[in-house]
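Protein chains in written order, with the numbering used here: chain S, 1 to 386; chain R, 1001 to 1386. For each residue, glycine too, the CB sits at the ideal point set by N, CA and C. Source: prediction; values computed, not measured. I have placed the structure first, in the form of structure tokens, so that the comments after it can refer back to it.
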């Protein structure tokens, strides 16, 4: 079976081990040579170019994604040619336009922060007043990792974005006074089968995820866990999603409000590689191929994943370096800090504010897992944790 | 860091996920196009050809192996050129010649079955008498998976081998009345650091391993477990081994006798991918690169690995097939039998008596893990289990 992945980032890279195990031939359309997923890259080209994508997809059984940015007209052309596009174009549309996502989720009845489409200063100022003097403004298209997101106290703080947004407008949301941020991950097969991993807590710094905590020992009340799977299932079925879905939510007391959706394996699910029976990457491949889903049970009681933002350039690089001894020294020093740490290096050049890898540790205790994961990540140059 | 693997079989294939995680650039010298490890194959050629191997090794930091058959003169030429060859040529020599292995292990003081070098009918018949009327005869070079091994009741049963073995002779061994066969796996780094996985029980049929059982719950007495690690450590240090070593032994009561050695990741350690913190493949890469070793603790209490010998041709193939729906049906039917089964497909064509994949299941109970692993393997066409 041949599955094509559009996009050659770390998500495509982490699908490779799963494809090797399952005997699936993974083919990647990468943006550039030396991409994270270069090992499986069969084409290099622009995913916004119709001819490039159609040629790439020619002999593939299923098309799926490393990111959600493939233009709708290309997704529709693939579908029209009889290709199995998973998740389907109509679901991906929500991830491509935050305003459309908010409208669709409202229709489904998912719990949301107060939000509005604002097209001018008056509308934005009125919204800001209505939610207590401060709001979040988001450009509907193209933002990620804190980019395209701004906290504003008055419409003048977003006048540049307002003037370029035209009639589409911007998404304005209330600032939710959350207790913590959480993420519910699920996979839904083309057959309709669904599996949920446990709800996890995510910790962000400057809009970028820094830590994810998963536990079998009462990290969440049963009510909150049940509500999270209920919300995620309603969304997945409501939008016709296939593959992995991450529903990022705010927890306020026992209540949950949907913040963002990701329609692909997601950073909040990287812990599943080393901490659950079936990783989100294997589950994604099984789901988009229409195979039965695997168990999403945890294999340890307390798992913490620490992102590495920045990173030491001797360890994090996309091509070849000459200084193997320094690389060994840094990598070895990090590995020596915790024999149970699982290191994941994405094959990307170290750069400020860039995710270049992660570390997962599974023990019997969340603080202990976190202490070890952070120690290893810091030794590898995680600027977000030091 | 660039590690080269000579040989493109399933062991090289299963090193790929570990190399992706660790950010190690793995380069494989494969015997043919469409090898198991083709994803990482940078060269295709004959490992017995000096020029081919030297060219392959040119820019690599470490050379290691998928098999033990690279000729000594090539290993020595690599070493003479300053390449880090792991395990070293002197250790691999033991795996290449069973008579030399027996002699070396005798010197180290490892417990062995009664054995002798026999060069003619008289010597063999005399040995057979001395060990009770039946013996095992092995060709010293080239045997595997039951090939090159024969049970004999008189020298005439091996007269063909005797006449072609010349002055080197054959290895004759007593038939050990063992209670079970076991395997002690360890990794030894170039720094001298050693980690042991728990002793496992192996089940063979017609000379091919069919099942491996690993347990945290008293599968072996403490005495036997301790004796196994002691023997394996003495051997590893005695022969200067680096990387993963499998010491296959016979258990007779509380006693252990060394049967075979494998100086690379081994079938009896495939369960570690899904059942221990650090897989034998990651550990092998860490060991040959001189990095600190990872924890070899089990992540579940009872793990069983079932080999798939034979296999259904719609699922097990090396190239492309056309019938995706049949493939999905068979693979899906197998996966549906146990949501916690971890399937590993080697990318080899299905063929009688050939290992083409394996299935691992980890639960709280050995019989339950075994029942599920066998059910999935049989659904995939394991002729050895049905």
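Residue nearest to residue i in terms of C-alpha spacing, selected from the options
i: residue 3 of chain S; options: S/102, S/285, S/91; result: S/285
i: residue 1193 of chain R; options: S/332, S/115, S/6, S/382; result: S/332
i: residue 1320 of chain R; options: S/253, S/18, S/27; result: S/27
i: residue 1034 of chain R; options: R/1007, R/1215, R/1318, R/1341; result: R/1318
i: residue 1213 of chain R; options: R/1305, R/1206, R/1294; result: R/1305
i: residue 1205 of chain R; options: R/1072, R/1386, R/1056; result: R/1386
i: residue 1185 of chain R; options: R/1315, R/1037, R/1234; result: R/1234
i: residue 187 of chain S; options: S/251, S/20, S/269, S/23; result: S/269
i: residue 68 of chain S; options: S/92, S/74, S/161, S/245; result: S/92
i: residue 1082 of chain R; options: R/1060, R/1103, R/1090; result: R/1060
i: residue 1260 of chain R; options: R/1272, R/1271, R/1247, R/1251; result: R/1247
i: residue 50 of chain S; options: S/76, S/38, S/37, S/379; result: S/76
i: residue 334 of chain S; options: S/377, S/242, S/195; result: S/377
i: residue 202 of chain S; options: S/190, S/217, S/178, S/222; result: S/178
i: residue 1128 of chain R; options: R/1345, R/1172, R/1162; result: R/1172
i: residue 64 of chain S; options: S/189, S/255, S/116, S/114; result: S/189
i: residue 120 of chain S; options: S/336, S/130, S/164, S/153; result: S/164
i: residue 1045 of chain R; options: R/1352, R/1056, R/1102; result: R/1056
i: residue 1109 of chain R; options: R/1258, R/1363, R/1279; result: R/1258
i: residue 271 of chain S; options: S/300, S/150, S/89; result: S/300
i: residue 225 of chain S; options: S/245, S/198, S/15, S/288; result: S/198
i: residue 1155 of chain R; options: R/1142, R/1170, R/1147; result: R/1170
i: residue 218 of chain S; options: S/200, S/354, S/230, S/12; result: S/200
Collapsed DSSP secondary structure at residue i in the structure displayed
i: residue 35 of chain S; result: coil
i: residue 1065 of chain R; result: strand
i: residue 110 of chain S; result: coil
i: residue 1324 of chain R; result: helix
i: residue 182 of chain S; result: strand
i: residue 1259 of chain R; result: strand
i: residue 79 of chain S; result: helix
i: residue 42 of chain S; result: strand
i: residue 314 of chain S; result: coil
i: residue 276 of chain S; result: strand
i: residue 1001 of chain R; result: coil
i: residue 219 of chain S; result: coil
i: residue 98 of chain S; result: helix
i: residue 1291 of chain R; result: coil
i: residue 84 of chain S; result: strand
i: residue 1117 of chain R; result: strand
i: residue 24 of chain S; result: coil
i: residue 1399 of chain R; result: This structure does not reach residue 1399 of chain R, given that chain R is present from 1001 up to 1386, and the question cannot be answered.
i: residue 1237 of chain R; result: helix
i: residue 1091 of chain R; result: helix
i: residue 1224 of chain R; result: helix
i: residue 1070 of chain R; result: coil
i: residue 1243 of chain R; result: strand
Bridge partners - residue i, DSSP secondary structure assignment
i: residue 150 of chain S; result: S/137
i: residue 1360 of chain R; result: R/1305, R/1342
i: residue 1006 of chain R; result: R/1029, R/1065
i: residue 353 of chain S; result: Answer is none; residue 353 of chain S lacks a bridge partner.
i: residue 1201 of chain R; result: R/1182, R/1213
i: residue 1194 of chain R; result: R/1188
i: residue 251 of chain S; result: S/180, S/256
i: residue 1174 of chain R; result: R/1135
i: residue 1298 of chain R; result: R/1276
i: residue 1382 of chain R; result: R/1310
i: residue 1016 of chain R; result: Its beta-bridge partners do not exist; DSSP assigns none.
i: residue 208 of chain S; result: S/205
Rounded distance between the beta-carbons of residue j and residue i, thought under 8 Å
i: residue 136 of chain S; j: residue 112 of chain S; result: The pair is not a contact, with the Cβ atoms about 13 Å apart (cut-off 8 Å).
i: residue 84 of chain S; j: residue 70 of chain S; result: Actually they are not in contact, since the Cβ atoms of residue 84 of chain S and residue 70 of chain S sit about 15 Å apart, beyond 8 Å.
i: residue 66 of chain S; j: residue 264 of chain S; result: 7 Å
i: residue 312 of chain S; j: residue 1290 of chain R; result: That belief does not hold up - the Cβ atoms of residue 312 of chain S and residue 1290 of chain R are roughly 18 Å apart, past 8 Å.
i: residue 1384 of chain R; j: residue 1239 of chain R; result: With a Cβ gap of about 32 Å, residue 1384 of chain R and residue 1239 of chain R do not count as contacting.
i: residue 1369 of chain R; j: residue 1277 of chain R; result: Incorrect: roughly 18 Å between the Cβ atoms, too far for contact.
i: residue 1380 of chain R; j: residue 1315 of chain R; result: 6 Å
i: residue 1017 of chain R; j: residue 1243 of chain R; result: At roughly 17 Å, the Cβ-Cβ gap does not stay under 8 Å, so residue 1017 of chain R and residue 1243 of chain R are not in contact.
i: residue 1039 of chain R; j: residue 40 of chain S; result: 7 Å
Residues of the stretch 275-300 of chain S with Cβ closer than 9 Å to any Cβ of chain R, in chain order = 277, 278, 282, 286, 289, 290, 291, 292, 293, 294, 295, 296, 297, 299, 300
Can you list, in chain order, the residues of the stretch 21-48 of chain S whose Cβ is nearer than 8 Å to any Cβ on chain R?
-> 21, 22, 23, 25, 39, 40
Name, going along the chain, the residues of the stretch 315-338 of chain S whose beta-carbon falls closer than 8 Å to a beta-carbon of chain R.
-> 315, 316, 320, 324, 327, 328, 331, 332, 335, 336
Pull out every residue of the stretch 53-75 of chain S whose Cβ sits closer than 7 Å to any Cβ of chain R, in chain order.
-> 61
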